[in-house]
Amino acid sequence: MYIKVRVKTGQRREVVEVLSPNYFLVSVKEKPERNLANERIVEIFKERYKTKNVRIIHGAHHPQKMLSVGY
594 MYIKVRVKTG
604 QRREVVEVLS
614 PNYFLVSVKE
624 KPERNLANER
634 IVEIFKERYK
644 TKNVRIIHGA
654 HHPQKMLSVG
664 Y
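Position one of the sequence shown corresponds to residue 594 (our numbering), numbered consecutively onward.
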C-alpha cells in the first residue's frame with residue numbers, strides 16, 4: 594500500500610491528521626537534520642499499521658513523501 598505524507602518538522606507536539614485514507618499530515622518534534630525526522634515518520638507508521646515493512650520510496654529530502662507500507 595502506498596501512502597502520501599506531508600511533514601512538518603520541529604513542532605512542539607506530534608500529531609497525525611488523516612486528510613484522506615491514503616494522505617496524512619504529520620507533525621514531528623525532530624529537526625530535518627541527520628535523517629531524524631524521516632526515522633521518526635517511519636516509526637510512527639510502523640506503530641500505526643503494526644508492521645515492520647515501512648519505507649520512504651520518494652521524497653526523502655522534501656516535506657512531501659511517499660511511503661510503502663506492508664511490502
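Cβ coordinates follow ideal geometry from the N, Cα and C atoms, glycine included.
In terms of Cβ geometry, Phe617 and Glu607 do not form a close pair [threshold 8 Å].
Annotation: Val621 is outside any beta strand (DSSP E) and is labelled neither H nor E by DSSP. In the DSSP secondary-structure assignment, Arg599 is bridged to Leu618, Gln657. With fewer than 16 neighbouring CB atoms inside 10 Å of its own CB, Ile650 falls in the exposed class.
Secondary structure note for Glu610: its beta strand (DSSP E) is the uninterrupted segment 608 to 613.
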